[in-house]
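2 protein chains.
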Amino acid sequence: MNFCSQCGHPVAHQIPPGDDRQRYMCNHCGAIHYQNPRIIAGTLPVWQQQILLCRRAIAPRQGYWTLPAGFMENGETTRQAAARETWEEALARVEVGELYTITSIPHINQVQMLYLAELPHPEYAAGPESTEVRLFSEEEIPWDELAFLTISNALKLYFEDRRNGVFPTRHIDLNH
Amino acid sequence: MNFCSQCGHPVAHQIPPGDDRQRYMCNHCGAIHYQNPRIIAGTLPVWQQQILLCRRAIAPRQGYWTLPAGFMENGETTRQAAARETWEEALARVEVGELYTITSIPHINQVQMLYLAELPHPEYAAGPESTEVRLFSEEEIPWDELAFLTISNALKLYFEDRRNGVFPTRHIDLNH
């Protein structure tokens, strides 16, 4: 951030009065520009014991497999964000269930939330950010080609929990 | 948003190529300025069956009672944010437990997360954003003077759940 988005003057990086951390501040109009973590929402879509994964068409981790997920937008709920991302990346309409994993990743200022989801019919296709979308049984999961640690964590937990038939919400903090 | 925070030129509100919603875009340097929901993190601090509430010194809802909570900052986990806000508003050091309520509030672009917390000692005081901090038994809760619906929801659920001794994570969507 170099300029004030409100008035266009250069900003300074300094601690505002009464605050205790540096913010981008405009000494011309007085605006303080807070920056906060962003939410990634997605699903773990299941059809007849199989999991829907997407092969990424874009960076980061292009070519690797992921669960459908992406940045939550203004004006939606976390569940709506998870369903929208599943549609955009896998052209799949899911029934979003319970929150399954919530992962804080402080070094990249993200909180990722993955929901369990039912894929009522095996209908899906690659959206613009995927090159390939397919169902995997547990034995077929491409563990060495998963895009992110949050994805492999969620899948490992899911297969463990499936043996017990209970899927509690898992709270994970990923530190560097 | 009127100006590009990267190069200082005026921004336009338009749909970027390949996108499907309006963003603030700079036609000079090409920057796209995404805006996303923010996370509010806080705690429901308990000491010997009593709940710690803060009377708000600031708008919105000045003078009303709330659980300690505030905007999650970059570089922290949701639990760290909840503990820090509890310190800042109630000068109380808590042991943060399980996620209790997660509430999407799409019309104000927020996701609020409240954690169950143990107050090991009855030590607390008003921080700069509170005029008063005190412990309330269930019978003493000032239901008509609570600041936000998310707070009254969490407290109602808590007292119900306490009768059963189980505190599952509650997922709430607040629509206008």
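Going line by line, the protein sequences match chains G and E.
Take the first sequence: its letters are residues 1 to 176, numbered as in the UniProt record's numbering.
Take the second sequence: its letters are residues 1 to 176, numbered as in the UniProt record's numbering.
Idealized CB from N, CA, C, for every residue including glycine.
Judging by CA-CA distance, which residue of E/43, E/3, E/99 is the nearest neighbour of residue 89 of chain E?
E/43
What's the call for residue 149 of chain E, buried or exposed, on a 16-neighbour Cβ count within 10 Å?
exposed
Opposing strand residues paired with residue 61 of chain G [DSSP bridges]:
Note: residue 61 of chain G sits in no beta bridge, so no partner.
For residue 32 of chain G, the residue or residues it bridges with in DSSP
G/25
Does the separation of the CB atoms of residue 23 of chain E and residue 16 of chain E fall below 7 Å?
yes
Output yes or no for whether 7 Å exceeds the beta carbon distance between residue 60 of chain G and residue 86 of chain G.
no
Close beta carbons around residue 161 of chain G, own chain, < 8 Å, minus the five adjacent residues each side
167, 168
Is it right to say residue 137 of chain E is buried, meaning 16 or more other beta carbons lie within 10 angstroms of its own, or is it exposed?
exposed
Does residue 169 of chain E come within less than 7 Å of chain G when only Cβ atoms are used?
yes
Return no unless some Cβ of chain G is closer than 7 Å to the Cβ of residue 75 of chain E.
yes
At which residues does the alpha helix (DSSP H) containing residue 154 of chain E begin and terminate?
149-164
Counting only Cβ-Cβ distances shorter than 8 Å, please list the residues of the region 89-107 of chain E near chain G, keeping chain order.
98, 99, 102, 104, 106, 107
Apart from the five residues on each side of it in sequence, which residues of its chain come closer than 6 Å, Cβ to Cβ, to residue 81 of chain G?
41, 72
By how many angstroms is the C-alpha of residue 170 of chain E removed from the C-alpha of residue 198 of chain E?
Any answer about residue 198 of chain E is impossible in this case: the structure gives chain E only from 1 up to 176.
Please name the residue in E/2, E/98, E/3, E/38 whose C-alpha comes closest to that of residue 109 of chain E.
E/38
Residue 128 of chain E, buried or exposed, once every other Cβ within 10 Å from all chains shown has been counted against 16
exposed
Counting only C-beta atoms, is residue 173 of chain G closer than 7 Å to chain E at any point?
yes
Residue 83 of chain E: first and last residue of the uninterrupted alpha helix (DSSP H) it sits in:
78-90
Using a C-beta cutoff of 7 Å, does residue 148 of chain G count as contacting chain E?
no
Report the neighbours of residue 71 of chain G on chain E: residues whose CB is nearer than 8 Å to its CB, in chain order.
34, 36
Within 7 Å (strictly less), CB to CB, does residue 1 of chain E reach chain G?
yes
Might you give, ordered along the chain, the residues of its own chain that have their beta carbon closer than 6 Å to the beta carbon of residue 78 of chain E, omitting 5 neighbours on each side?
41, 113
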